[in-house]
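Note that the working numbering has the sequence shown beginning at 6, numbered continuously upward.
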Amino acid sequence: MTTICYIHSASSAQEGSAVTEPEGQMPSPVGPYEILGELGRGPTGVVYRARAQAEGSLVALKVLPDELTDDPDYCERFLDEARAAARLNHDHIVRIFEVGEAGGHVYVAMECVEGRSLADFLKQHGRLDVRQAFDLVFQVGLALIEAHKQGLFHRDINPQNIMSDKEGHVKVVDFGLPKPPHATTDKTELGVRVSKPIYISPEEARGEAPDACSDIYSLGATLFEMLAGRPAFEAASPQAFLYDLETWPFPDVTKFRPDVPPAAARVLMKMMAPDPANRYQSARELCHDIDVLLHRARVARQDLAANVQHSRAGQPLDAETIREIIASPTSSTASRSSGPSPARRNVPWWVWAALAVALGAGALALALMR
Numbered sequence: 006m007t008t009i010c011y012i013h014s015a016s017s018a019q020e021g022s023a024v025t026e027p028e029g030q031m032p033s034p035v036g037p038y039e040i041l042g043e044l045g046r047g048p049t050g051v052v053y054r055a056r057a058q059a060e061g062s063l064v065a066l067k068v069l070p071d072e073l074t075d076d077p078d079y080c081e082r083f084l085d086e087a088r089a090a091a092r093l094n095h096d097h098i099v100r101i102f103e104v105g106e107a108g109g110h111v112y113v114a115m116e117c118v119e120g121r122s123l124a125d126f127l128k129q130h131g132r133l134d135v136r137q138a139f140d141l142v143f144q145v146g147l148a149l150i151e152a153h154k155q156g157l158f159h160r161d162i163n164p165q166n167i168m169s170d171k172e173g174h175v176k177v178v179d180f181g182l183p184k185p186p187h188a189t190t191d192k193t194e195l196g197v198r199v200s201k202p203i204y205i206s207p208e209e210a211r212g213e214a215p216d217a218c219s220d221i222y223s224l225g226a227t228l229f230e231m232l233a234g235r236p237a238f239e240a241a242s243p244q245a246f247l248y249d250l251e252t253w254p255f256p257d258v259t260k261f262r263p264d265v266p267p268a269a270a271r272v273l274m275k276m277m278a279p280d281p282a283n284r285y286q287s288a289r290e291l292c293h294d295i296d297v298l299l300h301r302a303r304v305a306r307q308d309l310a311a312n313v314q315h316s317r318a319g320q321p322l323d324a325e326t327i328r329e330i331i332a333s334p335t336s337s338t339a340s341r342s343s344g345p346s347p348a349r350r351n352v353p354w355w356v357w358a359a360l361a362v363a364l365g366a367g368a369l370a371l372a373l374m375r
């Protein structure tokens with residue numbers, strides 16, 4: 006896999022390079038960084054693949070455009086918020102290494118990530134496995150816990166700002182980077198505040214200041230898309246989004262994805278409650294409920310694996326025995342862990358074959374997570 010900085014596009018992967026052809030002349034160097042190529046551009050500037058000249062390490066270097074650099078109010082706010090975000094040090098947050106000014110340029114140097122964005126994955130595959138989607142949301146939730154604890158809100162959780170490395174570890178990008186004044190574009194790249202109506206919370210659409218509950222709503226909207234293969238709302242503007250929210254019933258994800266278990270659908274509905282008071286009030290509360298879902302599924306699968314393995318030399322498990330294993334609230338073969346680790350990696354393929362034959366593929370997720 007090509008090492009890429011912050012963003013991985015499907016087209017660049019096919020061409021074997023993560024660097025696009027530059028539009029215009031590239032600044033070189035920018036402060037202590039040598040510019041190697043352009044990754045993308047948008048209203049808040051250009052993102053370059055760069056190398057720290059002293060250490061030789063690769064970074065993703067965001068350089069603000071002249072029109073924003075010449076706006077002292079925006080530039081000051083950008084620097085202040087980027088420096089605040091640089092204090093975040095978490096496994097699921099892309100690190101900001103340096104924020105600076107040099108040669109008339111304002112720049113942010115960030116961690117390189119070897120992987121791809123959730124947006125690229127959804128474009129290629131349409132949707133995610135139910136457990137995979139909730140495990141991803143759990144990891145993003147851990148990032149939000151850390152950021153919210155420090156008083157920082159993301160304000161733009163969406164599939165483009167969620168990265169996954171080659172080992173499946175999730176990284177959230179763009180913490181604390183403000184959108185430019187009067188920005189209306191929905192083009193997404195490093196540092197662009199998207200504010201698409203399909204991801205922003207109702208209170209943000211009304212012009213209210215975002216908070217922790219707003220981030221949770223946006224994460225819920227992202228989860229809906231991961232499960233359904235389409236957004237919950239497809240309004241073209243915040244005003245149209247508010248109109249749809251007030252005049253149309255909230256979409257039921259199970260109508261688009263019947264295998265989403267009721268308990269999982271309830272978590273999603275709570276994340277996306279139109280009234281912030283009815284949502285999860287903290288990312289920690291959200292992660293707790295998701296951990297319960299994933300733990301119950303993991304325990305059921307481990308019990309099932311143990312029983313199927315025991316029966317291989319004897320009578321095969323019947324459907325009723327499998328249902329009893331799944332329905333059991335406790336387990337002798339697994340203990341609760343501090344976080345989810347996808348059990349499917351530890352369960353032999355023939356367990357899934359046995360379960361699919363006994364229950365049917367459509368009932369699998371429902372039985373494991375209800």
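Ideal Cβ placement from N, Cα and C applies to all residues, glycine included. None of the values given here were measured: they were computed from a predicted structure.
> Out of 225, 271, 170, which has the shortest C-alpha to C-alpha gap to residue 120?
Replying inline: 170
>> On the criterion of 16 or more Cβ atoms from any shown chain inside 10 Å, does residue 206 qualify as buried, or is it exposed?
In response: The residue in question, residue 206, is buried, as its Cβ has 16 or more Cβ neighbours within 10 Å.
> Got a sec: does the ligand COA put a non-hydrogen atom nearer than 7 Å to the Cβ of residue 52?
Replying inline: Here there are no bound small molecules, and the ligand COA is not part of this structure.
> Whose C-alpha, out of 244, 208, 100, 72, is nearest the C-alpha of residue 151?
Replying inline: 100
> Which residues in the same chain as residue 180 place their Cβ atom closer than 7 Å to its Cβ, once the five residues preceding and following it in sequence are excluded?
Replying inline: 90, 93, 98, 152, 157, 159
> Where does the unbroken beta strand (DSSP E) through residue 162 begin, and where does it stop?
Replying inline: No beta strand (DSSP E) contains residue 162, which DSSP labels as neither H nor E.
>> Rounded to whole angstroms, what is the Cα-Cα separation between residue 224 and residue 175?
In response: Looking at the two C-alpha atoms, the distance is approximately 13 Å.
> Taking the Cβ atom as the reference point for each residue, do residue 272 and residue 298 lie within a distance shorter than 8 Å?
Replying inline: yes
> What is the DSSP secondary structure of residue 102, reduced to helix, strand or coil?
Replying inline: strand
> Nearest-angstrom Cα distance between residue 20 and residue 44?
Replying inline: With a pLDDT of 31 at residue 20, under the threshold of 50, the modelled position of this residue cannot be trusted; read the value that follows with caution. Whole-angstrom Cα-Cα distance: 14 Å.
> What number of angstroms, rounded off, separates the C-alpha of residue 366 from the C-alpha of residue 263?
Replying inline: Bear in mind that a pLDDT of 43 at residue 366, under 50, signals an unreliable position, so the model cannot answer this.
>> Contact defined as beta carbons within less than 8 Å: I believe residue 135 pairs with residue 291. What is the distance between those atoms, to the nearest angstrom?
In response: That pair is no contact at about 17 Å.
>> Restricting to runs no shorter than 4 residues, where is the alpha helix (DSSP H) found entirely within the stretch 40-87?
In response: 71-74
> Would residue 49 be called buried (16 or more neighbouring beta carbons within 10 Å of its own) or exposed?
Replying inline: buried
>> For residue 87, which residues in the same chain have their Cβ closer than 7 Å to its Cβ, ignoring the five residues on either side in sequence?
In response: 101, 104, 113, 181, 182
>> Buried or exposed for residue 269, going by 16 or more other Cβ atoms inside 10 Å?
In response: Around the beta carbon of residue 269, a 10 Å sphere encloses 16 or more other beta carbons of the protein chains shown; the residue is thus reported as buried.
> Taking C-alpha atoms, which residue in 243, 42, 142 lies nearest to residue 296?
Replying inline: The closest CA to that of residue 296, considering only 243, 42, 142, is found on 142.
>> I'd like the span of the beta strand (DSSP E) that includes residue 169, first residue to last.
In response: 167-170
> Which residues share a DSSP beta bridge with residue 176?
Replying inline: According to DSSP, which records beta bridges pairwise, residue 176 is partnered with 168.
> Quick one: Cα of residue 274 to Cα of residue 82, how far?
Replying inline: 34 Å
>> In whole angstroms, give me the CA-to-CA distance for residue 228 and residue 138.
In response: 7 Å
>> So if DSSP puts residue 115 in a beta bridge, which residue, or which two residues, is it bridged to?
In response: 65, 101
> What are the boundary residues of the beta strand (DSSP E) that includes residue 376?
Replying inline: As displayed, the chain neither begins before 6 nor continues past 375, which places residue 376 out of reach and without an answer.
> With respect to the alpha helix (DSSP H) encompassing residue 406, which residues constitute its N-terminal and C-terminal limits?
Replying inline: Residue 406 lies beyond the residue range present for the chain, which begins at 6 and ends at 375; the question has no answer from this structure.
> Is residue 214 buried or exposed, if buried means 16 or more other CB atoms sit within 10 Å of its CB?
Replying inline: An exposed status is given to residue 214, since fewer than 16 other beta-carbon atoms sit within 10 Å of its beta-carbon.
>> Let's see if you can read the secondary structure: which residues bound the alpha helix (DSSP H) around residue 91?
In response: In the DSSP annotation of this structure, residue 91 is not part of any alpha helix (DSSP H), being labelled neither H nor E.
> Fully enclosed by the stretch 125-155, which alpha helix (DSSP H) runs are 4 residues long or longer?
Replying inline: 135-154
> Along the chain, where does the alpha helix (DSSP H) that runs through residue 209 open and close?
Replying inline: 207-210
>> At the level of alpha carbons, what is the spacing between residue 259 and residue 265?
In response: 6 Å
> Thinking C-alpha only, which one of 40, 168, 67 is nearest residue 52?
Replying inline: 67
> Can you list, in chain order, the stretches of the alpha helix (DSSP H) that have 4 or more residues and sit fully within the stretch 235-259?
Replying inline: 243-252
> In three-state terms, what does DSSP make of residue 297?
Replying inline: Of the three classes helix, strand and coil, the one that applies to residue 297 here is helix, per DSSP.
> Count the other CB atoms within 10 Å of the CB of residue 359; is the residue buried (16 or more) or exposed (fewer)?
Replying inline: Here residue 359 scores only 45 on pLDDT, less than 50, and its place in the model should not be relied on; the value that follows carries that caveat. Result: buried.
> In three-state DSSP terms, what is residue 107?
Replying inline: In this structure, DSSP gives residue 107 an extended state, which the three-state scheme calls strand.
> Looking at the structure shown, is residue 194 part of a helix, part of a strand, or coil, going by DSSP?
Replying inline: Model confidence at residue 194 stands at a pLDDT of 38, short of 50, so the residue's coordinates are unreliable and nothing is read from them.
> For residue 265, which three-state DSSP category applies?
Replying inline: coil
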